[in-house]
Each structure stands twice: as C-alpha cells, then as structure tokens.
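Worksheet: one structure, shown below.
Numbering (this note's numbering), first residue to last: -12 to 500.
So this is what it looks like as structure tokens:
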C-alpha cells in the first residue's frame, strides 16, 4: 500500500499544479487588468503549498516505504520508475528554500503585467528592475542546486535535463554551419509574392480557419478549445482538458494560422498521454513543478514544430487545404494560387520577432536568447546592457537594425514569468522534429497519408513512440527507441536545405552553392 499511497500524494500535487495552470490560463486570456496583484498572491500561495506537500515529512516517509516495496522489481517496471522520479523531485526541491520558491512565483506573476505594459509602451527601462530581480533569483536557484561547469546548466536542468552550455555549443555550431550559407544564398534570390498575406482578414474568420486546421491534424475539441492571447501558448489540466491560444492580426494571416497549428501540436502530446498515467509522475513535471506530460520542453516543442512546419507548411498540406482557406477568405485569396500561397508562407524574410520567424532563421533567434541568458546568469552581461547586446547580435545574424525595444528585448514573455533556461528547448525541438519526421516518413502508410490528407498514421507513430509514454522515458531514450539514435541535427539540416533549395531554385540538388 505504500506505493499506492505515494501515488495518491503525487495525484494531489498534480491537482494543485493543474489549479495553478487554470489560474495562469485565466490571467493570460480572460482576467481583467486589475486582477494581477491578487492573482500573484494566489499563485504564490499555491506554489508554496505544492512544494510543501511534495517535500513534507509524510511524503518522505511514503517515498522511503515505496522504495522498499518496489526494490525487487525490474529496473524498467513502471512502478519502480515512478518512485525513482518522485525521489529525484523530493531531493531537488528539499534543497530549495520555500521562501525562494514563493519569491520566484510571486515575482513571475507580477512580472507579466509589468512586461506587457513596458512592451506596449516600448520602454525597456520599466522592465529593468523586475528583470534584475528575476536574474538574481535565478542565480540564487542555480547556486542552491549546484552545477559542475556553468550556473546556467542548473537552470536548463528544469526544462531540458542533461543539456549544458558545453553540449549546446557543437549543436549551435553545426546549425550555423549548415544554415547560414542557405540564408546568404537566398538573400540573392527574388522573394515569392506575399502581398496577399497582409490583406484584411477578419479575426472571427481567422479563428474559424485556425480551429479547422487544428482539428484537421487531430486536435480533439471534446477536450480542448482555442482562445485569444498576447503570446500564444498551450496548457493542459490533465489530458481531458487541453487548451490552446493564438493571436490575431487582422492584416497578417500567418500569425494566427500557424500559431494555432503550433499550439495544437503541443496539445496532441498532452491529449495523447496514456490515460493510466493521469495524476501520476508520468503526467507531472515534479522537478519543474508543471502539470505536463511531455518528458522535456524540447520534446514537447518537437511536436509543435513538427505539426506546424513539416506538416502545416508543406506543399502537400496546401495542395489539399488551400481550397478551405479560400472558401473562408474568398475575396482576400481570389487571385492567389495554391503554389503562391505555399511559397509565401515559407518565404525567408529575416526579421525581429522570434514567433513569426521563418523556419530558416528561427534558430538564430533561439541561439541569441540562449547565449544572452547564459551571460546574464554568469554575470558577464548586465541587464541594463541587454538591448545593446541583443541589437548587435541581430545585426550580425540578419543585417538588421532593431528599431525598438518592443521588437527587440521586450518581445518574449518568458523573462516576465521568471523562466530562464528554457530557450534552448525550441532548437532542441526543431532538431528532434526533423529526426522524428525523417524516420516516420519512411513508412508507406504515413507518406501516403500526408499526400492524401489522412494524418492518423503520422499521429499514430507519434502517439506510440512519444505521446503515450508521458514522462516515463528520457528525451534521448525516446529518440533511440523511435529513430535508433540520440539527438542528431543532420536530418533537420537536410530537410531545410532541400525545402528551401526547391522554393528558391538553388543549384545542385539541395546545395546552396
């Protein structure tokens, strides 16, 4: 009974985390402006209660007893793995003072309102004091947890276990080597026609199209919904209630459309977790203290990027579904062909905004943020100097002069909520998506389904290899089980090279010479 009692205790932790998620969802979609201060207190209270429940003397007793109960089981037995994950989380959080947890959560909740105002008013100075305190608290967390090489490693552990500053360097170097020549070659080519993307697209019809495309790839509306927010996100309150959001620009269609597909990809992961794992460690990030089933943020991002880009931006997808878009926007798309639409939504246009970046330049935004975060945490970069460092790197990568803080250091929501250490997950997700999609596409049923609009075979591959396991296996273990090898950037680089060589007519069968 010790194991069963421990699982019920973790179920209670999961309940509290889901309650926090509901409050966060409301704060970012529905809550009136005046509610931020009290909402911050509510979330801080729940966070401390969750932490206290997890590291209580009773939980320690239950873990000790459960370990004895499962010690004779095979190492890969579900029960033994679950108990081991609870032990890891217990030891992790026991070392973190409750007051530090409270301060970080309360500051993060208040921070969203401060960031939103600073962003709206293009005034980084408003955000500086809060960001300085955020960096200080994250440094404190890194020191409490400990690290071998770099303090940033301790922060990445919460989001991408095993990844370090050292391990990211060769990955980033390979991407620069593989992608920068493509970007430079494309800069010499004529851009696809794209004027029609900036016509007037009423938000209510954008919502309709986004929801239709999300359902097309498998998003279950019996257990989900699509709402509006400033910065798109997905959130789950168990696999039975998984919600997505997007944002609507009436003069730019792709933002909402691909935002909905991106977040639907996240949602497929959460909706696909084995029902038996509900309220267990396999559906609860006990180290990061999030109610999520994805094994890492990078693994989660692999699904949003796979469904948004490998599927949603593919030629086959729009050969099948452009007629639907034109039915919803008959005037706006009357003079547009399927070919023109596909090329337009895949054009390479270096810009300032990460979430609106094309596939080819996206990872450079991620590398910028990851390297800046590491520098903030080790003290080599001061918060007040952040805009200068940011703008200089954008100039180096894209040749662009950042015109405002809103389009620069204030564009992302992450720092306002106290999340430092998570940006590498986006590139990890891109690389993982390329590797998974390459393997899956070799199966005839999946390849045929992508051509005919039957996405169930691809969904089935992802469900069997990724979704249903929740947090049972580590990221690289999932990759080895499904593709035969650990994280490998080569399929991703090959995919981008072939795709953009076709779109821009680069010479040499995928070469950018």
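Backbone N, C-alpha and C define an ideal beta-carbon position, used for all residues, glycine too. From a predicted model like this one, the values you see are computed outputs, not experimental measurements.
Backbone CA spacing between residue 25 and residue 406 [nearest angstrom]: For the purposes of this step, residue 25 is taken as the residue at position 38 of the chain shown. For the purposes of this step, residue 406 is taken as the residue at position 419 of the chain shown. Taken atom to atom, the span from the alpha-carbon of residue 25 to that of residue 406 is near 21 Å.
Contact defined as beta carbons within less than 8 Å: I believe residue 505 pairs with residue 88. What is the distance between those atoms, to the nearest angstrom? This structure cannot settle anything about residue 505, because the visible part of the chain is limited to -12 through 500.
According to DSSP, is residue 392 helix, strand or coil? On the chain shown, residue 392 is found 405 positions in, with the first residue counted as 1. Note: residue 392 maps to coil in three-state DSSP.
Can you look up residue 498 in the DSSP assignment and give me helix, strand or coil? The residue given as residue 498 occupies position 511 in the chain shown. Low local confidence applies: a pLDDT of 37 at residue 498 is under 50, so the model's placement there is unreliable, with the coordinate-based value given in what follows. Per DSSP, reduced to three states, the secondary structure at residue 498 is coil, with no helix or strand assignment.
With burial defined as no fewer than 16 other Cβ atoms inside 10 Å of the residue's Cβ, what is the status of residue 238: buried or exposed? As a working note, residue 238 is residue 251 in the chain shown. Exposed: under 16 other Cβ atoms inside 10 Å.
Beta-carbon within less than 7 Å of residue 491's beta-carbon, same chain only, minus the 5 sequence neighbours each way: which residues are those? Sequence index remark: in the chain shown, residue 491 carries index 504 (1-based). For residue 491, the CB contacts under 7 Å within the same chain, skipping 5 residues up- and downstream, are 173 and 176 in chain order.
Per DSSP, the bridge partner or partners of residue 231: Here the question's residue 231 lines up with position 244 in the chain shown. In the DSSP output, where bridge partners are listed per residue, residue 231 has 213 and 221.
Any idea what DSSP makes of residue 78, helix, strand or coil? As a first step, residue 78 must be located in the chain shown, where it is residue number 91. Three-state DSSP puts residue 78 in a helix.
Is it buried or exposed, residue 409, if we count other Cβ atoms within 10 angstroms and call 16 or more buried? By one-based count along the chain shown, residue 409 stands at place 422. Burial call: buried.
Taking 7 Å as the limit between beta carbons, can you name the residues of its chain near residue 195, skipping five residues before and five after? The count along the chain shown starts at 1 and reaches residue 195 at position 208. So the list reads 315, once near-sequence residues are dropped.
So, using beta-carbon positions, are residue 211 and residue 229 closer together than 8 Å? By one-based count along the chain shown, residue 211 stands at place 224. By one-based count along the chain shown, residue 229 stands at place 242. Yes.
Contact under 8 Å by Cβ, residue 300 with residue 332: Your numbering for residue 300 matches position 313 in the chain shown. Your numbering for residue 332 matches position 345 in the chain shown. Less than 8 Å separates the beta-carbon of residue 300 from that of residue 332.
Who are the near neighbours of residue 480 in its chain, counting only those whose CB is closer than 6 Å to its CB and skipping five residues on each side? Sequence index remark: in the chain shown, residue 480 carries index 493 (1-based). Setting aside the 5 residues that flank it on each side, residue 480 is surrounded in the same chain by 165, each with a C-beta closer than 6 Å to its C-beta; the list follows chain order.
Cross-strand partners of residue 349 (DSSP beta bridge): Here the question's residue 349 lines up with position 362 in the chain shown. According to DSSP, which records beta bridges pairwise, residue 349 is partnered with nothing at all.
Mind reading off the beta-carbon distance from residue 80 to residue 42? Whole number of angstroms is fine, and I expect it under 8 Å. If you number the chain shown from 1, residue 80 lands on position 93. If you number the chain shown from 1, residue 42 lands on position 55. Indeed, because the Cβ distance is near 5 Å, the residues count as touching under 8 Å.
I think residue 77 touches residue 283, with their Cβ atoms under 8 Å apart; what is that distance to the nearest whole Å? Residue 77 sits at position 90 when you count from the first residue of the chain shown. Residue 283 sits at position 296 when you count from the first residue of the chain shown. The pair is not a contact, with the Cβ atoms about 20 Å apart (cut-off 8 Å).
Could you compute how far the alpha carbon of residue 136 sits from the alpha carbon of residue 151? Walking along the chain shown from the start, residue 136 turns up at place 149. Walking along the chain shown from the start, residue 151 turns up at place 164. Taking the Cα positions, residue 136 is about 8 Å away from residue 151.
So residue 329 and residue 305 are supposed to be a Cβ contact under 8 Å. How far apart are they, rounded? Along the chain shown, one-based indexing puts residue 329 at 342. Along the chain shown, one-based indexing puts residue 305 at 318. About 5 Å separates the Cβ atoms of residue 329 and residue 305, confirming a contact at the 8 Å cut-off.
Taking residue 276 as the reference, give the member of -10, 73, -9 and 487 with the closest Cα. In the chain shown, the residue the question calls residue 276 occupies position 289. Nearest of -10, 73, -9 and 487 to residue 276, Cα basis: 73.
So, are the CB atoms of residue 101 and residue 114 less than 8 Å apart? As a first step, residue 101 is located in the chain shown; it is residue number 114 there, counting from the start. As a first step, residue 114 is located in the chain shown; it is residue number 127 there, counting from the start. Taking 8 Å as the cut-off, the Cβ atoms of residue 101 and residue 114 count as close.
Residue ranges of each beta strand (DSSP E) within the stretch 241 to 273, 3 or longer: Secondary structure within the stretch 241 to 273: not one fully enclosed beta strand (DSSP E) run of 3 or more consecutive residues is present.
Checking the sheet assignment: what are the DSSP bridge partners for residue 239? For this step, residue 239 is matched to residue 252 along the chain shown. 236, per the DSSP bridge assignment.
Nearest to residue 487 (by Cα), restricted to the options 97, 140, 104 and 167: Translated into the one-based positions of the chain shown, residue 487 becomes position 500. With distances taken between Cα atoms, residue 487 lies closest to 167.
Give a yes or no on contact between the stretch 430 to 438 and the stretch 452 to 471, applying the rule of three or more CB pairs nearer than 8 Å. No: the two stretches stay apart, fewer than three of their Cβ pairs being nearer than 8 Å.
For residue 454, which of helix, strand or coil comes out of DSSP? Locating residue 454 in the chain shown gives position 467, where the first residue counts as 1. In this structure, residue 454 counts as helix in the three-state DSSP scheme.
I'd like to check one pair, residue 216 with residue 234: are the Cβ atoms closer than 8 Å? As a position in the chain shown, residue 234 is number 247, starting the count at 1. As a position in the chain shown, residue 216 is number 229, starting the count at 1. Yes; because the gap between Cβ atoms is below 8 Å, this pair is in contact.
Between the C-alpha atoms of residue 280 and residue 45, what's the straight-line distance to the nearest angstrom? In the chain shown, counting from the first residue as 1, residue 280 sits at position 293. In the chain shown, counting from the first residue as 1, residue 45 sits at position 58. Roughly 25 Å between the two C-alpha positions.
Only counting runs of 4 or more residues, tell me where the alpha helix (DSSP H) segments fall wholly within the stretch 36 to 106, in order along the chain. Counting only runs that start and end inside the stretch 36 to 106, the alpha helix (DSSP H) elements of at least 4 residues fall at 44 to 57 and 65 to 81.
Please name the residue in 449, 398 and 385 whose C-alpha comes closest to that of residue 502. The requested residue 502 does not occur in the structure, where the chain is confined to residues -12 to 500.
Can you tell me the Cβ-Cβ gap for residue 415 and residue 224, rounded? I've got them flagged as a contact below 8 Å. Along the chain shown, read from residue 1 onward, the residue named residue 415 stands at position 428. Along the chain shown, read from residue 1 onward, the residue named residue 224 stands at position 237. Residue 415 to residue 224, Cβ: 25 Å. No contact.
If you drop the 5 nearest sequence neighbours on each side, which residues of the same chain put their C-beta closer than 6 Å to that of residue 394? Here residue 394 corresponds to residue number 407 of the chain shown, with the count starting at 1. Taken in chain order, the residues that qualify are 339.
Short Cβ contact (8 Å threshold) for residue 31 with residue 92: Counting from 1 along the chain shown, the entry for residue 31 is found at position 44. Counting from 1 along the chain shown, the entry for residue 92 is found at position 105. In contact: residue 31 and residue 92 (Cβ atoms closer than 8 Å).
Coil, strand or helix - residue 188 by DSSP: As a position in the chain shown, residue 188 is number 201, starting the count at 1. Under the three-state reduction of DSSP output, residue 188 falls in the coil class, being neither helix nor strand.
Check whether the stretch 421 to 431 and the stretch 365 to 380 touch, using three or more Cβ-Cβ pairs below 8 Å as the test. Look at the beta carbons and you see the stretch 421 to 431 not touching the stretch 365 to 380: under three pairs across the two are nearer than 8 Å.
Give every residue of the same chain whose Cβ lies closer than 7 Å to the Cβ of residue 344, excluding the five residues on either side of it in the sequence, and list them in chain order. In the chain shown, counting from the first residue as 1, residue 344 sits at position 357. Leaving aside the five residues that flank residue 344 on each side, the residues in its chain whose CB is nearer than 7 Å to its CB run, in chain order, 338 and 352.
Beta carbon of residue 359, beta carbon of residue 376: below 8 Å? Reading the chain shown from its first residue, position 372 is the one you call residue 359. Reading the chain shown from its first residue, position 389 is the one you call residue 376. The answer is yes: Cβ separation under 8 Å.
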